[in-house]
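A.B. asks: In full-length UniProt numbering, the protein residues as written are 1 to 197.
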Amino acid sequence: MAKPILIQEHVADDPWKVLVAVALLNKTAGRHAVPTFFDLTARWPTAPALAQASPDALERLITHLGLGKSRTKRLIALSQAYVSDPPQPGALRPSRCYVQARMLSSETGLLEKVRQRYPPTCASHLPGSGPYALDSYRIFCGPPDEWKRVMPHDKELVKYIKWKWAVSELRSWDKLDGPGESVGISYLRELTDELQT
1 MAKPILIQEH VADDPWKVLV AVALLNKTAG RHAVPTFFDL TARWPTAPAL
51 AQASPDALER LITHLGLGKS RTKRLIALSQ AYVSDPPQPG ALRPSRCYVQ
101 ARMLSSETGL LEKVRQRYPP TCASHLPGSG PYALDSYRIF CGPPDEWKRV
151 MPHDKELVKY IKWKWAVSEL RSWDKLDGPG ESVGISYLRE LTDELQT
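(1) Comparing alpha-carbon positions, which option in G90, S124, Y98 and E59 lies nearest R117?
(2) For the segment 97-176, list the beta strand (DSSP E) runs that are entirely contained and at least 3 residues long, ordered along the chain.
(3) Measure the CB-CB distance between C141 and A12 and report whether it falls below 8 Å.
(4) In the DSSP assignment, find the unbroken beta strand (DSSP E) run with S182 in it and report its ends.
(5) For the segment 124-131 and the segment 70-85, state whether three or more C-beta atom pairs, one from each stretch, are separated by less than 8 Å.
(6) Taking the alpha carbon of A101 as the point to measure from, which residue in V20, M1 and K175 has its own alpha carbon closest?
(7) Return the chain-ordered list of same chain residues with a C-beta closer than 8 Å to the C-beta of P89, the five sequence neighbours on each side being excluded.
(8) For R93, write down the residues that DSSP places opposite it in a beta bridge.
(9) At the level of alpha carbons, what is the spacing between P131 and T108?
(10) Locate the alpha helix (DSSP H) running through residue 198, then write down its first and last residues.
(11) Output needed for K69: all residues of its chain with C-beta closer than 8 Å, excluding positions within five of it in sequence on either side, in chain order.
(12) Looking at Y160: is its Cβ nearer than 8 Å to the Cβ of L24?
(13) Using C-beta distances below 6 Å, list every residue in its chain close to T28, excluding the 5 sequence neighbours before and after it, in chain order.
(14) Assuming W147 and K162 are in contact, meaning their beta carbons sit under 8 Å apart, how far apart are those beta carbons, in whole angstroms?
(15) Between V83, Q8 and P87, which has its C-alpha nearest A49's C-alpha?
(16) Leaving out five residues before and five after S105 in sequence, what residues of the same chain have Cβ atoms less than 8 Å from its Cβ?
(17) Report all residues from its chain with a CB closer than 8 Å to the CB of A51; omit the five preceding and five following residues, and keep chain order.
(18) Between which two residues does the alpha helix (DSSP H) holding Q196 run?
(19) Drop a sphere of 10 angstroms on the beta-carbon of M151, count the other beta-carbons inside from all chains shown, and report buried for 16 or more, exposed for fewer.
Here it is in structure tokens:
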């Protein structure tokens with residue numbers, strides 16, 4: 001079974017780089033964003049360096065990805081905030097973003113979609129910390145078992161979590177219901193096919 005290859009895992013030892021990578025991947029295909037990420041981090045390899053970057057120089061480097069001005073502002077603001085108030089393990093901050101969750105209705109007894117604030121994380125205070133960034137941060141930079149509590153909506157993170165549950169825990173995983181039964185041959189075949197697309 002082919003393991004999903006994600007830039008977040010490749011740079012997981014540097015949480016700032018994970019957040020920069022997902023800022024570039026947001027609304028952009030990996031085949032465009034990942035090479036730009038490597039160009040960006042070659043020029044500004046640390047949060048302090050990018051925090052001091054010339055907005056014009058950064059925008060020229062990333063403009064082909066789209067959202068050049070807003071991404072430039074967000075990346076510099078993210079880096080400045082990361083330098084002045086970096087994430088601290090165990091110091092959870094309230095999240096500003098919301099996600100769709102399924103909850104059992106006390107009135108009908110049926111599952112209903114509800115809008116719910118994203119759970120607190122140690123990176124929630126940083127600019128650009130939406131669900132995709134926080135999911136990535138928790139999966140790749142969080143405590144060892146934190147990935148088990150993440151319910152991502154991004155299709156690549158969903159594939160990764162399905163793979164991780166199957167390989168690490170020998171259990172199936174569903175993006176709506178979370179972890180399921182022990183994996184069998186038919187599930188592994190289906191997952192292998194899904195990971196190849």
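For glycine and all other residues, C-beta sits at the position ideal for the given N, C-alpha and C.
Predicted, not measured: the structure shown is a model, and the values here were computed from it.
C.D. replies: With the given structure in hand:
(1) Taking the sequence shown and counting its residues from 1, the one referred to as residue 117 is at position 117. Of the candidates G90, S124, Y98 and E59, the one whose C-alpha sits nearest the C-alpha of R117 is Y98.
(2) 98-104, 111-117 and 171-174
(3) Along the sequence shown, read from residue 1 onward, the residue named residue 141 stands at position 141. Along the sequence shown, read from residue 1 onward, the residue named residue 12 stands at position 12. Result yes, Cβ atoms of C141 and A12 sit closer than 8 Å.
(4) Here residue 182 is taken as the residue at index 182 of the sequence shown, counted from 1. Per DSSP, S182 belongs to the beta strand (DSSP E) from G178 to S182.
(5) Yes: at least three Cβ pairs fall under 8 Å.
(6) For the purposes of this step, residue 101 is identified with residue 101 of the sequence shown, where counting begins at 1. Of the residues V20, M1 and K175, the one whose Cα lies closest to the Cα of A101 is K175.
(7) By 1-based counting over the sequence shown, the position of residue 89 is 89. These residues qualify, in order along the chain: C122 and P143.
(8) Locating residue 93 in the sequence shown gives position 93, counting from the first residue. Its beta-bridge partners are T121.
(9) For the purposes of this step, residue 131 is taken as the residue at position 131 of the sequence shown. For the purposes of this step, residue 108 is taken as the residue at position 108 of the sequence shown. In a straight line, the C-alpha of P131 is about 29 Å away from that of T108.
(10) This structure leaves residue 198 out entirely; the chain is present only between 1 and 197.
(11) Indexing the sequence shown from 1 puts residue 69 at position 69. Closer than 8 Å at Cβ, skipping near neighbours: E59.
(12) Looking up residue 160 in the sequence shown gives position 160. Looking up residue 24 in the sequence shown gives position 24. No, the Cβ-Cβ distance between Y160 and L24 is not below 8 Å.
(13) Residue 28 sits at position 28 when you count from the first residue of the sequence shown. Cβ within range, chain order: L65.
(14) Taking the first residue of the sequence shown as position 1, residue 147 is located at position 147. Taking the first residue of the sequence shown as position 1, residue 162 is located at position 162. Their Cβ separation, rounded to whole angstroms, is 12 Å, which puts W147 and K162 out of contact at 8 Å.
(15) Mapped onto the sequence shown, residue 49 falls at position 49. With distances taken between Cα atoms, A49 lies closest to V83.
(16) For the purposes of this step, residue 105 is taken as the residue at position 105 of the sequence shown. Closer than 8 Å at the Cβ level, and outside the excluded window around S105, lie L111 and E112.
(17) Reading the sequence shown from its first residue, position 51 is the one you call residue 51. Excluding residues within five positions, the ones whose Cβ falls inside 8 Å are I76, S79, Q80, Y82 and V83.
(18) Counting from one through the sequence shown, the residue named residue 196 turns up at place 196. Neither: Q196 is in no alpha helix (DSSP H) and is coded neither H nor E.
(19) Stepping through the sequence shown from its first residue, residue 151 is reached at position 151. It counts as buried.
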